[in-house]
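Since the structure comes first, as structure tokens, the remarks are kept for the end.
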Amino acid sequence: RDGEVLGGADRPVGNACPAEPDGLYYVAFPDCHAVAAVRADTGVVQASIRFAADGTATLGDGELSCPRECGDRDPIVDGARPTSLDLVRDERVGTQKLAIGVANRPVVTVVTLAATGLPATVAQVDLDGDVGVTDVALSAQITMGGKNGINDGDPGTDAQFVYAVASDSTVRVAEVLVA
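Numbered per my numbering, the sequence shown finishes at 436, counting up by one with no gaps.
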């Protein structure tokens, strides 16, 4: 209603943050060719996703040494540089996935996370052309089906898409749901 303030003492808006940090967050370390899963309460790396020179991703443990990102000014070693992340918790299907864009390779990586939030599986989608990825966005799973755009009771099929902004200023869309 006009003039009504959202929230108020009897109707708070949003969620209160816990007194202590909790959970995991993901950090890209482009100069070290890795993405780390870091505990919010301790700052300790729990797991990693590491990128080979060609952009191939593998799951790694928490033993991540990255002097280049911590002030060491040694020359940068050529390799895949992960720079963009998008984490999606899909409550409808009970999954968590992390999309990773690599700035200097034509590949998007999608990591399925376990219930703990740690990386469980990794899949990759190659993009056409000599491009890198400057930003990524991952959709939730959606059900596609019906006739003429109408949900006519057909159970349809589930799909999930990653949207990648490429270094040539195009947007690439790829279906990434593994059946």
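Beta carbons: idealized from backbone N, C-alpha and C, even for Gly.
Note that the structure is a prediction, hence the values are computed from the model and not measured.
| Check | Outcome |
| --- | --- |
| Would you say the beta carbon of residue 350 comes nearer than 8 angstroms to a heavy atom of the ligand NAD? | Among the components modelled here there is no ligand, and therefore nothing to report on the ligand NAD. |
| What are the boundary residues of the beta strand (DSSP E) that residue 317 is part of? | 314-317 |
| Who are the near neighbours of residue 258 in its chain, counting only those whose CB is closer than 7 angstroms to its CB and skipping five residues on each side? | Any reading at residue 258 must be qualified, since the residue scores a pLDDT of 49, below 50, and its modelled position is unreliable; the value itself is stated next. For residue 258, where only same-chain residues beyond five positions count, there are no Cβ hits under 7 angstroms. |
| Exposed or buried, residue 436, counting other C-beta atoms within 10 Å across all chains shown (16 or more means buried)? | Residue placement at residue 436 is poorly supported in this model, since its pLDDT is 49, which falls under 50; the coordinates still yield a value, given next. Flag for residue 436 reads exposed. |
| Please decide whether residue 417 counts as near chain D, where near means a Cβ-Cβ distance under 9 angstroms. | Considering every chain present, this structure includes no chain D. It has just one protein chain. |
| With DSSP as the reference, label residue 436 as helix, strand or coil. | Confidence is the limiting factor: at residue 436 the pLDDT is only 49, short of 50, which leaves the residue's position unreliable, though a coordinate-based value still follows. Reduced to three states, the DSSP call for residue 436 is coil. |
| I need the boundaries of the beta strand (DSSP E) containing residue 395, first residue and last residue. | 390-395 |
| Closest to residue 419 by C-alpha separation, out of 413, 354, 372, would be which residue? | 354 |
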